[in-house]
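Colleague: Take a look at the following structure, please.
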Amino acid sequence: MRAMQLAELKAKAEALREEWQRALASVQDADGLEQVRVRFLGRRGELTRLFSSLKELAPAERAPAGQLLNALKQEITDALAQKAQLIEEQERARRLAAERYDFTLPGKWRPLGHLHPLTQVRLEIEDIFMRMGFDVASGPEVEDDYHNFEALNIPEDHPARDEWDSFYIDERLLLRTHTSPVQIRVMKSRKPPVRIICPGRCYRRDNPDATHSPVFHQVELLWVERGLTMANLKWIIEEFVRRFFGPGYEMRFSADFFPFTEPSAQVHIRRPRGEWLEIMGAGMVDPAVLAEVGYDPEEVTGFAFGLGIERMAMLRWGIEDIRLFYQNDIRFLSQF
Ligand code: PHE
7 MRAMQLAELK AKAEALREEW QRALASVQDA DGLEQVRVRF LGRRGELTRL FSSLKELAPA
67 ERAPAGQLLN ALKQEITDAL AQKAQLIEEQ ERARRLAAER YDFTLPGKWR PLGHLHPLTQ
127 VRLEIEDIFM RMGFDVASGP EVEDDYHNFE ALNIPEDHPA RDEWDSFYID ERLLLRTHTS
187 PVQIRVMKSR KPPVRIICPG RCYRRDNPDA THSPVFHQVE LLWVERGLTM ANLKWIIEEF
247 VRRFFGPGYE MRFSADFFPF TEPSAQVHIR RPRGEWLEIM GAGMVDPAVL AEVGYDPEEV
307 TGFAFGLGIE RMAMLRWGIE DIRLFYQNDI RFLSQF
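The working numbering applies: residue 7 is where the sequence shown begins, and numbers increase by one.
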């Protein structure tokens with residue numbers, strides 16, 4: 007291998023300087039920049055090759071030659087970094103220009119699904135009672151005669167059964183006609199105090215009209231504890247109506263009869279200038295029902311109500327036909 011002179015290496019370094027400067031000047035983008043880096047600084051790059059020729063120099067010349075090459079390398083590295091930054095800025099400016107928004111254009115509506123109005127009302131009712139300290143309980147929609155009727159003090163052949171025209175599945179099973187059977191299930195599985203609400207679907211063989219549907223929804227409320235009275239029941243209902251509807255709704259209590267409550271009441275509500283609409287049946291849990299689930303009627307008393315969710319929604323929004331909730335007409339549903 008022919009020995010190299012310092013002067014020759016200097017000349018090569020000088021030539022290299024011109025070359026990389028020219029190469030860098032014509033670089034347009036990040037890819038081009040990388041090519042320049044590889045060409046000069048890469049493992050087989052031109053500067054790297056000059057470095058390996060250092061060993062061909064006389065030992066005394068190697069140090070100054072090394073300094074020269076290191077300085078050159080630093081120069082190239084700095085220039086590359088500068089250029090990289092420049093390219094990035096240009097790229098950013100180009101993107102900003104290309105992606106400019108015109109904020110004066112009108113916005114676009116994007117249709118979104120939402121909860122069914124009955125679901126909205128149910129969740130709101132649950133929320134109100136959960137804040138008052140009630141648990142949410144549930145039970146089967148296919149019930150047996152015992153829970154739906156008998157344990158609620160409605161024996162077979164009792165004329166009150168006609169109140170709940172039922173869909174029977176066989177001798178013993180039916181679609182529950184109200185949410186009251188959940189009371190029985192919960193009380194049989196817990197000791198008092200009991201404080202629950204049970205929202206759910208109910209079924210009756212009613213002919214559909216503006217205020218009746220064979221499928222509808224109720225929320226049952228039950229509170230059993232020592233010392234409860236009808237006055238506590240009245241407070242709960244008034245407070246609930248106030249929280250759900252806000253001020254301006256009138257409420258009316260009147261006497262009623264249910265086999266599982268004594269005394270019993272029905273509650274009517276009227277929106278401002280509207281018609282009276284019954285929203286619930288209520289009353290003090292009959293001692294016979296407490297005894298049936300193994301509670302001592304001398305120890306505890308309780309009250310319950312069964313509330314129609316559809317009725318609440320109709321009152322809130324002034325809806326006049328219950329069937330609208332089940333027809334899935336998007337023109338109706340999209341209003342909520
Ligand atoms: N279960 C009764 C009905 O559906 C309503 C009710 C519930 C009445 C609780 C009193 C107490 O008609």
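By construction, the Cβ of each residue, glycine as well, lies at the ideal position given by its N, Cα and C atoms.
#1: Residue range of the alpha helix (DSSP H) that Val44 falls in?
#2: Between which two residues does the beta strand (DSSP E) containing Thr307 stretch?
#3: I need the straight-line Cα distance from Ala237 to Ala294, nearest angstrom please.
#4: From Val225 to Pro146, what distance separates their C-alpha atoms?
#5: Which term fits Ser58, buried or exposed, when burial requires 16 or more other beta carbons within 10 angstroms of its beta carbon?
#6: What does Pro205 pair with, by DSSP beta-bridge criteria?
#7: Give me, in chain order, the residues of the same chain whose beta-carbon lies closer than 7 Å to that of Gln189; leave out the 5 immediate sequence neighbours on both sides.
#8: Here's a check: name, in chain order, each residue in its chain whose Cβ is nearer than 8 Å to the Cβ of Ala90, leaving out the five neighbours to either side.
#9: Given that a residue counts as buried once 16 or more other Cβ atoms are within 10 Å of its Cβ, and exposed if not, what is Ile336?
#10: Looking at the unbroken beta strand (DSSP E) that takes in Ile275, where does it start and where does it end?
#11: Could you tell me the alpha carbon to alpha carbon distance between Lys197 and Glu231, rounded to whole angstroms?
#12: Tell me the DSSP secondary structure of Asp335 in three-state form.
#13: Would you check whether the ligand PHE has a heavy atom nearer than 6 Å to the C-beta of Thr267?
#14: Take Ala19 as the anchor and find which of Gln11, Leu74, Gly113, Phe250 has the nearest alpha-carbon.
#15: Can you say whether Leu15 is buried or exposed, counting buried as having 16 or more other CB atoms within 10 angstroms of its CB?
#16: Using 7 Å as the threshold, is the C-beta distance between Thr185 and Gly206 below it?
#17: Just to confirm, are Ile275 and Arg128 a CB contact at a threshold of 7 Å?
#18: Quick one: complete beta strand (DSSP E) runs, 3+ long, within the segment 157-223?
#19: Where Ala17 and Ala71 are concerned, what is the direct C-alpha to C-alpha distance, given to the nearest angstrom?
#20: For Glu24 and Asn76, I'd like the C-alpha separation in whole angstroms.
#21: Buried or exposed: Pro112, going by 16 or more other Cβ atoms within 10 Å of its Cβ?
#22: With DSSP as the reference, please indicate the residues paired to Asp262 in a beta bridge.
#23: Does Gln297 come out as helix, strand or coil in the three-state DSSP assignment?
#24: When you compare the segment 270-289 with the segment 162-171, are there three or more beta-carbon pairs, one atom per stretch, that lie closer than 8 Å?
Modeller: The short version:
#1: In the sequence shown, the residue the question calls residue 44 occupies position 38. Its alpha helix (DSSP H) spans residues 36-47.
#2: Residue 307 sits at position 301 when you count from the first residue of the sequence shown. Here the beta strand (DSSP E) through Thr307 covers 307-314.
#3: Walking along the sequence shown from the start, residue 237 turns up at place 231. Walking along the sequence shown from the start, residue 294 turns up at place 288. Their backbone Cα atoms lie some 21 Å apart in a straight line.
#4: In the sequence shown, residue 225 corresponds to position 219, counting from 1. In the sequence shown, residue 146 corresponds to position 140, counting from 1. Those two C-alpha atoms are separated by around 14 Å.
#5: Taking the sequence shown and counting its residues from 1, one reaches residue 58 at position 52. So Ser58 ends up on the exposed side.
#6: In the sequence shown, residue 205 corresponds to position 199, counting from 1. According to DSSP, which records beta bridges pairwise, Pro205 is partnered with Val225.
#7: If you number the sequence shown from 1, residue 189 lands on position 183. Excluding sequence neighbours, Gln189 sits near Glu226, Leu228, Ala310.
#8: Translated into the one-based positions of the sequence shown, residue 90 becomes position 84. Only Ala36, Leu39 meet the Cβ criterion.
#9: Your numbering for residue 336 matches position 330 in the sequence shown. Exposed, because fewer than 16 other Cβ atoms sit within 10 Å of the Cβ of Ile336.
#10: Looking up residue 275 in the sequence shown gives position 269. It spans 267-276 - the beta strand (DSSP E) in which Ile275 sits, taken as one unbroken run.
#11: Your numbering for residue 197 matches position 191 in the sequence shown. Your numbering for residue 231 matches position 225 in the sequence shown. Roughly 10 Å separates the two Cα atoms.
#12: The residue you call residue 335 lines up with position 329 of the sequence shown. Coil, per DSSP.
#13: The residue you call residue 267 lines up with position 261 of the sequence shown. Checking every heavy atom of the ligand PHE against the Cβ of Thr267, one is found closer than 6 Å.
#14: Walking along the sequence shown from the start, residue 19 turns up at place 13. From the listed residues Gln11, Leu74, Gly113, Phe250, the smallest Cα separation to Ala19 is found for Leu74.
#15: Residue mapping note: residue 15 aligns to position 9 of the sequence shown, counting from 1. The residue in question, Leu15, is buried, as its Cβ has 16 or more Cβ neighbours within 10 Å.
#16: The residue you call residue 185 lines up with position 179 of the sequence shown. The residue you call residue 206 lines up with position 200 of the sequence shown. In this structure, Gly206 lies closer than 7 Å to Thr185 by Cβ.
#17: Residue mapping note: residue 275 aligns to position 269 of the sequence shown, counting from 1. Residue mapping note: residue 128 aligns to position 122 of the sequence shown, counting from 1. Not in contact: Ile275 and Arg128 (Cβ atoms no closer than 7 Å).
#18: 179-181, 200-209
#19: Walking along the sequence shown from the start, residue 17 turns up at place 11. Walking along the sequence shown from the start, residue 71 turns up at place 65. Spanning the two alpha carbons is a distance of roughly 11 Å.
#20: Stepping through the sequence shown from its first residue, residue 24 is reached at position 18. Stepping through the sequence shown from its first residue, residue 76 is reached at position 70. Approximately 16 Å between the Cα atoms of the pair.
#21: Here residue 112 corresponds to residue number 106 of the sequence shown, with the count starting at 1. By the 10 Å Cβ count, Pro112 comes out exposed.
#22: Counted from its first residue, the sequence shown places residue 262 at position 256. Paired residue(s): Ser270.
#23: Position 291 of the sequence shown, counted from the start, is the residue given in the question as residue 297. Here residue 297 is Ala; the residue named in the question, Gln, does not match the sequence. Helix at Ala297.
#24: no
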